[in-house]
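In the UniProt record's numbering, the protein residues as written are 1 to 272.
To start, the structure under review is shown below, and the notes come after it.
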């Protein structure tokens, strides 16, 4: 699929990047966009000029997830039975992370950049030492694919969303499960913390975006699309939530009220 870039203020489609829309991730400074494809190729794009500035090759399977480190110097990509860590400046591969796991579905860096979390088709969540390229912990509890992993802003909690319909919150230090959030009536594709770490958003095949109180585990709000919700992400100030759906719409929500602020159409199929 294609990747469309939108101007949030004007609601205009400012660029379309063709052929690489399996998974996308902005660099922390917003200047670079990483996009993946089903053929295992990763392309890095200049957000301002829309030019392809690098092509990373090495995966033999579809790349399901990409994530930049907080300093923007490393890119993690997961697909098949491995995770690759890339030097963004040179385009060279720094580490290949492998283990007795299923196909990698999601990857995410901790806020300090020292730990990488991954979710796999075998239902496990794994924590990796980024510097050493070694496995630190295996978190078990999900009973189906883990489609999303996301660290809290303080790095102490990890959220994982699964095809089993649950979101689980884990203590990163001990590896113990803190909460299981239930309420979705379908697989959970995406989970994301608010900047203050107090709220978690999750998106599911049931067409719902649910907002959760991280401390109590209670559901605060439900926001609805007309089809599968594939991705959710908070604005830096935590006041706006973006959600992308199979209905072809990206919706912007006012977090305090739960009201819909804007809808951007023009995509067909998955909006990641």
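Glycine is no exception: its CB is placed at the ideal position from the N, C-alpha and C atoms.
Opening and closing residue of the beta strand (DSSP E) in which residue i lies
{"i": "residue 9", "result": "From DSSP, residue 9 is part of no beta strand (DSSP E); its letter is neither H nor E."}
{"i": "residue 175", "result": "First-last for residue 175: undefined, no H or E at that position."}
{"i": "residue 215", "result": "Neither: residue 215 is in no beta strand (DSSP E) and is coded neither H nor E."}
{"i": "residue 82", "result": "82-87"}
{"i": "residue 48", "result": "Note, residue 48: premise wrong, no beta strand (DSSP E); not H, not E."}
{"i": "residue 273", "result": "Only positions 1 to 272 of the chain appear in the structure, and residue 273 is not among them; the question remains open."}
{"i": "residue 149", "result": "146-151"}
{"i": "residue 76", "result": "74-79"}
{"i": "residue 31", "result": "Note, residue 31: premise wrong, no beta strand (DSSP E); not H, not E."}
{"i": "residue 63", "result": "Segment: none, residue 63 is in no beta strand (DSSP E) and carries neither H nor E."}
Alpha-carbon spacing of residue i relative to residue j, whole angstroms
{"i": "residue 179", "j": "residue 236", "result": "25 Å"}
{"i": "residue 138", "j": "residue 195", "result": "26 Å"}
{"i": "residue 131", "j": "residue 254", "result": "39 Å"}
{"i": "residue 115", "j": "residue 127", "result": "6 Å"}
{"i": "residue 217", "j": "residue 119", "result": "21 Å"}
{"i": "residue 88", "j": "residue 67", "result": "11 Å"}
{"i": "residue 82", "j": "residue 15", "result": "31 Å"}
{"i": "residue 199", "j": "residue 193", "result": "6 Å"}
{"i": "residue 34", "j": "residue 73", "result": "13 Å"}
{"i": "residue 173", "j": "residue 56", "result": "33 Å"}
{"i": "residue 113", "j": "residue 155", "result": "10 Å"}
{"i": "residue 306", "j": "residue 242", "result": "Because the chain in this structure spans residues 1 to 272, residue 306 falls outside the shown range and cannot be described."}
Buried or exposed by the 16-neighbour rule on C-beta atoms within 10 Å, applied to residue i
{"i": "residue 268", "result": "No answer about residue 268 holds up, because its pLDDT of 42 lies below 50 and its placement is not dependable."}
{"i": "residue 189", "result": "buried"}
{"i": "residue 50", "result": "exposed"}
{"i": "residue 201", "result": "buried"}
{"i": "residue 64", "result": "buried"}
{"i": "residue 282", "result": "In the structure displayed, the chain extends from 1 to 272; residue 282 sits before or after that span and is not available."}
{"i": "residue 76", "result": "buried"}
{"i": "residue 159", "result": "buried"}
{"i": "residue 92", "result": "exposed"}
{"i": "residue 185", "result": "exposed"}
DSSP bridge partner residues for residue i (one or two, in chain order)
{"i": "residue 135", "result": "128"}
{"i": "residue 42", "result": "36, 56"}
{"i": "residue 95", "result": "85"}
{"i": "residue 168", "result": "160, 180"}
{"i": "residue 280", "result": "There is no way to answer for residue 280, as the model of the chain reaches only from 1 to 272."}
{"i": "residue 106", "result": "119"}
{"i": "residue 208", "result": "224"}
Min CB distance residue i to chain D below 7 Å
{"i": "residue 263", "result": "Within the model displayed, chain D is absent; a lone protein chain is all it includes."}
Original post:
If you pair each beta-carbon of the segment 202-209 with each one of the segment 222-240, do three or more pairs fall below 8 Å?
Top reply: Yes, the segment 202-209 touches the segment 222-240.
Original post:
Per the contact definition of three or more C-beta pairs closer than 8 Å, is the segment 141-150 in contact with the segment 90-100?
Top reply: no
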